[in-house]
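Chains as they are written, first to last, in our numbering: chain A, 1 to 448; chain B, 1001 to 1448; chain C, 2001 to 2448; chain D, 3001 to 3112; chain E, 4001 to 4112; chain F, 5001 to 5112. Here a beta-carbon is modelled for each residue, glycine too, at the ideal position from N, C-alpha and C. Here is the structure we will look at.
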Amino acid sequence: MTNTKRLATRGALAAAAFMAFAGPAFADDAKIDTGDTAWMLTSTAIVLMMTIPGVALFYAGMVRKKNVLATLMQSFAITALISVLWMVVGYSLAFGEGGAFIGDFSRVFLSGMTWDKPFTLGSGDGAVAFTIPEVVFVMFQMTFAIITPALICGAFADRFKFSALLWFIGLWSILVYAPVAHWVWHPNGWLFALGALDFAGGTVVHINAGIAGLVAAIVVGKRKGYGTENFSPFNLVLAVIGASLLWVGWFGFNAGSAAAASGRAGMAMLATQVATGAAALAWMFAEWATRGKPSVLGVISGAVAGLVAITPAAGFVTPGGSLVIGVVAGVVCFWASTSLKKALGYDDSLDVFGVHGVGGIVGALLTGVLAAGALSVTDALPEGLQGLLEGNPGQLMIQVYATAATLIYSGVASLILLKIVDAIVGLRVSEEAERDGLDLSLHGESVQ
Amino acid sequence: MTNTKRLATRGALAAAAFMAFAGPAFADDAKIDTGDTAWMLTSTAIVLMMTIPGVALFYAGMVRKKNVLATLMQSFAITALISVLWMVVGYSLAFGEGGAFIGDFSRVFLSGMTWDKPFTLGSGDGAVAFTIPEVVFVMFQMTFAIITPALICGAFADRFKFSALLWFIGLWSILVYAPVAHWVWHPNGWLFALGALDFAGGTVVHINAGIAGLVAAIVVGKRKGYGTENFSPFNLVLAVIGASLLWVGWFGFNAGSAAAASGRAGMAMLATQVATGAAALAWMFAEWATRGKPSVLGVISGAVAGLVAITPAAGFVTPGGSLVIGVVAGVVCFWASTSLKKALGYDDSLDVFGVHGVGGIVGALLTGVLAAGALSVTDALPEGLQGLLEGNPGQLMIQVYATAATLIYSGVASLILLKIVDAIVGLRVSEEAERDGLDLSLHGESVQ
Amino acid sequence: MTNTKRLATRGALAAAAFMAFAGPAFADDAKIDTGDTAWMLTSTAIVLMMTIPGVALFYAGMVRKKNVLATLMQSFAITALISVLWMVVGYSLAFGEGGAFIGDFSRVFLSGMTWDKPFTLGSGDGAVAFTIPEVVFVMFQMTFAIITPALICGAFADRFKFSALLWFIGLWSILVYAPVAHWVWHPNGWLFALGALDFAGGTVVHINAGIAGLVAAIVVGKRKGYGTENFSPFNLVLAVIGASLLWVGWFGFNAGSAAAASGRAGMAMLATQVATGAAALAWMFAEWATRGKPSVLGVISGAVAGLVAITPAAGFVTPGGSLVIGVVAGVVCFWASTSLKKALGYDDSLDVFGVHGVGGIVGALLTGVLAAGALSVTDALPEGLQGLLEGNPGQLMIQVYATAATLIYSGVASLILLKIVDAIVGLRVSEEAERDGLDLSLHGESVQ
Amino acid sequence: MKMVVAIIKPFKLDEVREALTALGVQGLTVTEVKGFGRQKGQTEIYRGAEYSVSFLPKVKVEIAVTDSLVERVVESIQKSANTGKIGDGKIFVLDVSHAVRIRTGETNAEAL
Amino acid sequence: MKMVVAIIKPFKLDEVREALTALGVQGLTVTEVKGFGRQKGQTEIYRGAEYSVSFLPKVKVEIAVTDSLVERVVESIQKSANTGKIGDGKIFVLDVSHAVRIRTGETNAEAL
Amino acid sequence: MKMVVAIIKPFKLDEVREALTALGVQGLTVTEVKGFGRQKGQTEIYRGAEYSVSFLPKVKVEIAVTDSLVERVVESIQKSANTGKIGDGKIFVLDVSHAVRIRTGETNAEAL
Ligand SMILES: Nc1ncnc2c1ncn2[C@@H]1O[C@H](COP(=O)(O)OP(=O)(O)O)[C@@H](O)[C@H]1O
Ligand SMILES: Nc1ncnc2c1ncn2[C@@H]1O[C@H](COP(=O)(O)OP(=O)(O)O)[C@@H](O)[C@H]1O
Ligand SMILES: Nc1ncnc2c1ncn2[C@@H]1O[C@H](COP(=O)(O)OP(=O)(O)O)[C@@H](O)[C@H]1O
């Protein structure tokens, strides 16, 4: 077996791992597993909860009073928009057979989707068989397609037009999210084939959203008063509720990505918990040491950084490995959201890049370092999926590659989309609207 | 087979569909299905979450500052009250064998309820067999019995006595909710026998609560200052959290109504998501077009309207059908909550009728139009349950009939109960209490 | 069989009951049950939700404006801290084989934990076999280890140093929580052997946290202005959200303690619901009768009292028994949190002892009275686990014994730990910091 | 020129504003305040403790007017804010020695 | 008649009110304000940015009193609101030319 | 001594404060208020009802100054708070007959 082939196999298996290490495609009269299905239905519900009210509150709690409702509106409207778009075309482009780069139109309006038998993704050798019906897979994936663009909005909070938001996010979902999801999670996808490890969406969700946010923050420009006025959050209580629901919902995100109510799901849940706790503590102590006080915003930001960083690794690392990822993510994201941002001078309002972009990169790379083969042993791959520490430097290279590819494609494509939308409807509200607050000027409402 | 008989069978099957298309009653030593039970336990938890804190916050976020706590209090106290009443007598009246109109006293204090084997509802030919134990069925249904009266309270918010509330809701639960649930969901029930399709409670929950709310709003009279003072919401953030948790919890409501972790549950979840997204967008664009701005209150109201309308249809329609239901519900409920309400001049404070009543009716009727036979094919009914579009106009007539029956019975019975409670304790607080706010005058507390 | 031995067996079985009445240890190639695992993964998620945002909000909603964020911070930081500590050493000390009083270091850093086969706790005759993998058991138990110390914080709210909190809670978790959990839930534990009934943590969680809170409140001293200034809550809305999420999450706590998606889980859920509703009503009516108004704070406190009291009993009592426990808990905890507290003069800020301590004691004792044998019949124990009412006074004595042991050990050990931490970093903030509020003085932030 | 300062019950604000507008008053400034006076507050309950709330929500309205209008303004507030119940509030009149409209720099009577 | 306006530290409000009640003052009006002065605020942290909060929470107490009482009122506030630390606040006395009780229409001294 | 009372647009607060500090003003007190005047508010929508918000958020700044500084203070506020658009606000000057610093008991000019 040549090295390339071995890697390809490894890739397929990585994804298969993500897909619950299913056996060969089921015969047509196979039954779905009710336990696995129960867990995936639950996971779908709590991943939806991550966006509404999770992200909505996390973000709304960090803006100034005059923009609280507009910030909630972004997450809620995106949830509605993607619910429809995913059904119409998004799922088909992401998970339709297609080629190495994008799916096809075979599932437009979900035509041809089955719901009463176990689902097999892809075909031929690389096919991944599930114990749940396709409709549940469609729903679970939809919640990922919803949260990713909702995350972006934090970067340009306080100044983006609502109409521009709908255009940008709608296009982005179809032209950026769907292809990247196909690359990584469809057996035909080129990053899947390459063997990139991404258990629950470090590249597809977090690096993708993080870089798109950074580009958008730069294109739309800084908030009026940035650096001089006091932009401190109106009501951090909301942000704490949001972060808490993100943490809880992330169990659906990561343990749900095992696609089964299995020990693997349990391992992913444990890794998530340990990394998150460690990252929250790490950010807290880093801030305490350098600024003199441990802030509430700091500890919740640290927790989210941990959740982000463990996402690609969740099913591949030991509890000890999770601890390392958590500590590194907490410290690095703290630095990225404070010193680095200051040094580079962009105004990423709620640190989408600092937390999701940087946290996603930390996680993707450390997955390549810390992947423990023992957790992914199969008959076909007796040594499992190993990282640098177990003597497999190739995996780290693949991770670098996948990270770079996502950063470049998402960055460039987002830039183009933003320029187009700017030309059509304009990205930024008027100076007066920004001053009066988006709540009143865009939505005619206000928090009293 | 005469047409009547065919319809009767169809009815039984409709409910059986709702009940997971179970096979013949299990032998006594049958085992419960742990996967199905896991999903039903989860569904129960998240449907409870719909009321507390879901409805509680959705409503509290729309009232003025002085009534925020009193509004939360209503949902919370109702949850406590019905938890006890349902166990004592409600469940027995709703799901006891009884006759066509009401159950019996065989399950008072839940005596005779089994918990260690699969449950069969009803007896004889029409019996519906489950794979979960009766105690889980009791709990799941309890959460429906809790949310329905909690929904009513929005109609008379800001002016109803708390003591009157306990009396009215207690009586209403026993004398209105339990019988209507029996009609529709017990194999002996006359609407079940008629073949009315109501997957998760369009009639029992939403039309029922909607009309009761309308009647109550009219009987108790308008709020002081209605139409002249600014009644805009104190803190829409709460309403957004509430609407979000309603959306998440509704997965338990609708997909849980499949009573199993099945593909059918997945289909119901998908239909719920698509209709809700579509309705939120439809209300938003309708408001944007007619009032100039898309409001946060509008988009969340649209989402709830979509959730309501898809409720009776969730297991019977395709994704495309859900989209249609969502769009129609969004636009019609927007019109009902603004123009219609204004034209008719009643003061339904938080639009219980406009959203739940009208949305429920839209859903019930469109289920009769859009039901797709392919989703409910069984050996006994090879063409499945079809709607008007598939050439079965009879189904639409049945839906009209079931809707009308619920509107009339619930409307009249609610009116009588309100008059009785008014005579005993009085329905409305004093003018001064209303002015000072219910928080202080009824509960001696206030939001600072 | 001597009486002692019979009791011992009974004890082992009591715990086995708690552990899903599992059969003999599985063969090595046994498969985990996906349905049971699905429910335990879900339970884990919603028990985490009980702490963040549940307890966080419940407590933050009761303090004054200047301490809201600091109160949230406590729950959140504890969640992070225990997530790491439990993995490092807590689990090993609580559930490692060890002896009668504490586990061992066999699971430090979770080494040796399995994740792909069913888990057996303990060894030999007393071993309890599960249908879920150990990693899921570790995670489920972690959420209990998180919430218990988070509960304590309510007792010394508004005046405790954050650094002292981290020290105290960290030590307490290892030196108090882990041993008590071992006593009660590990087959080797002496209270397990004695036959103490504690379905989901009445002693381990609630009595334990309640007495630790009382001791801490006394050691740290009263808040400045206690009894003279108006300490009424800043924003009870938060407390209502918190209480609601506690209620919902408690389904995971209690029904999850069946360790399976079983009828027994359903029975525990039903008991939880009925007791909680009854306790909320009981507190409400007691307050209404004695103070003239039913307060929102009262009804939610009553609900929490009910949840606490039913915790040890959930799987052992009938619906009627739950009703009794709920009513008694509501009235007694109301009295304890108002009259008793006033009479004794300690300042337990948010009534941790009055609700968790007293409610836990009520529940532990009434479990000994009301346990219904029919719910826990096994081949080995044909009459099931019976309480006083079924003619088994011995059970009540055991419950008294277990309660007293927990009160004494936890009370004394907490006192010692507090004194040590006081000596090292000091327990209480400066007078000025207390006056300015902990939000600003400890964390440099404020709610606007 | 005078500054008329009225402390009134919050729910009377709209009525007072309308009465003043009828008199030709074109501007005023409103502040949420808490009042302590003869009117006793309701009792709040909190876990057994009872607090009689001594500060009640009131609204302060400030209107700068020319000397010629003062009397009518005071009278009109006194009528429109009156409920006849304790706690209706007070009107105070203070001297203003100078007024400026920020936008235009106009002063005194023209500034109002 | 005078209007005594005191800007004090919030936690001193109850003490001041009691001191004034002891003098026979029957009413006063309280406003939450933010003060800027010699006292420097704490530093707030926000994602790496540090803001020194220049506005501090203060409470403004306004008491209309008869001329004869002014001196004692001022003195009593000065004592009861004093902590000796920077930021204790100020007392200003303004002239009131007219006062009315809305409920009864009583004026001046009787209106208080 | 005078009390200068300025009603300004909220976002101008920092600018005004800086301008005043430049003049040597060492303290001031700020209150959030709602203003009613020629400037019309935006329309709020609420389930079909439309409310034109007649009260707009403003900020009231109160600065006690010695007579010699009054003119410059007024002028400086008028300049720094000016946007040239309707709703910029007003400045009123009232007499202060007495001032006390609570901390030290200093009076009048020394109290500021
Ligand atoms: N001497 C005073 N100085 C300033 N404000 C006062 C004074 N007396 C009363 N007030 C204000 O007027 C309000 C009403 O006064 P109160 O004594 O309750 O009733 P009434 O106005 O009917 O005499 C008080 O709440 C307070 O805000
Ligand atoms: N010239 C002034 N005009 C109005 N308010 C003032 C003035 N100077 C100070 N204040 C108010 O008094 C408060 C206390 O003043 P500060 O200078 O901090 O301390 P001190 O009162 O001890 O001199 C300030 O926060 C502000 O609200
Ligand atoms: N006569 C008045 N008395 C007190 N405050 C006033 C008066 N007129 C205006 N104001 C305040 O000044 C603000 C601005 O006034 P407005 O008439 O809108 O515009 P402009 O200041 O440009 O004339 C108002 O919102 C109000 O707060």
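6 Å CB neighbourhood of residue i in its chain, flanking five on each side removed
| i | result |
| --- | --- |
| S2414 (chain C) | A2212, V2215 |
| V3005 (chain D) | E3062, F3092 |
| M1142 (chain B) | W1086 |
| G2035 (chain C) | A2261 |
Beta-carbon contacts of residue i that lie in its chain and below 8 Å, excluding the five residues immediately before and after
| i | result |
| --- | --- |
| G1099 (chain B) | N1188 |
| V331 (chain A) | A282, W283, A286 |
| L2171 (chain C) | L2417, I2420, V2421 |
Near ligand 3: residue i beta-carbon under 7 Å from a heavy atom
| i | result |
| --- | --- |
| Q3026 (chain D) | yes |
Proximity test, residue i beta-carbon vs ligand 1 heavy atom, cut-off 7 Å
| i | result |
| --- | --- |
| T3980 (chain E) | No statement about residue 3980 (chain E) is possible, as the shown extent of chain E runs from 4001 to 4112 and does not include it. |
| L2168 (chain C) | It should be pointed out that residue 2168 (chain C) corresponds to Phe in this sequence rather than to Leu. The answer is no for F2168 (chain C). |
| K3079 (chain D) | no |
Reference residue i, options the options, closest by Cα
| i | options | result |
| --- | --- | --- |
| D1158 (chain B) | B:A1374, B:V1063, B:G1320 | B:V1063 |
| W1115 (chain B) | B:V1108, B:V1362, B:T1131 | B:T1131 |
| G2321 (chain C) | C:Y2346, C:A2268, C:D2348, C:A2343 | C:A2268 |
| G4105 (chain E) | D:D3088, D:F3011, D:F3055 | D:D3088 |
| T367 (chain A) | A:D104, A:A70, A:G195 | A:G195 |
| I3102 (chain D) | F:K5012, F:M5003, F:K5002, F:A5111 | F:K5012 |
| S5068 (chain F) | F:A5109, F:S5054, F:K5079 | F:A5109 |
| R2291 (chain C) | D:V3030, D:Y3051, D:A3081, D:N3082 | D:Y3051 |
Cross-strand partners of residue i (DSSP beta bridge)
| i | result |
| --- | --- |
| L4094 (chain E) | E:M4003 |
| E4032 (chain E) | E:V4059 |
Closer than 7 Å: residue i CB and nearest ligand 2 heavy atom
| i | result |
| --- | --- |
| A145 (chain A) | no |
| E5062 (chain F) | yes |
| R5103 (chain F) | yes |
Below-8 Å beta-carbon distance, residue i vs any chain H residue
| i | result |
| --- | --- |
| D2436 (chain C) | Included in the structure are the protein chains A, B, C, D, E and F, with no chain H among them. |
Close Cβ partners of residue i (< 7 Å) along its chain, the five nearest in sequence each way excluded
| i | result |
| --- | --- |
| D347 (chain A) | A217, K222, R223, Y226 |
| I207 (chain A) | G357, G360, I361, A364, T403, T406, L407 |
| S4054 (chain E) | F4036, G4041 |
| Q5039 (chain F) | L5056, I5086, G5087 |
Run through the segment 1053-1140 of chain B for me and flag every whole beta strand (DSSP E) of 3 or more residues, listed as ranges in chain order. As far as the segment 1053-1140 of chain B is concerned, its whole beta strand (DSSP E) runs of at least 3 residues are 1118-1121, 1128-1133.
Entirely within the segment 3040-3070 of chain D and at least 3 residues each: give me those beta strand (DSSP E) ranges in chain order. You should have 3043-3046, 3049-3052, 3056-3065.
Would you list, in sequence order, the uninterrupted alpha helix (DSSP H) runs of no fewer than 4 residues that lie entirely inside the segment 2285-2341 of chain C? With a minimum length of 4 residues, the continuous alpha helix (DSSP H) runs that stay inside the segment 2285-2341 of chain C are 2296-2310, 2319-2335.
Sequence ranges, beta strand (DSSP E) only - wholly within the segment 1367-1434 of chain B, length at least 3: Segments of the beta strand (DSSP E) lying fully in the segment 1367-1434 of chain B: there are none.
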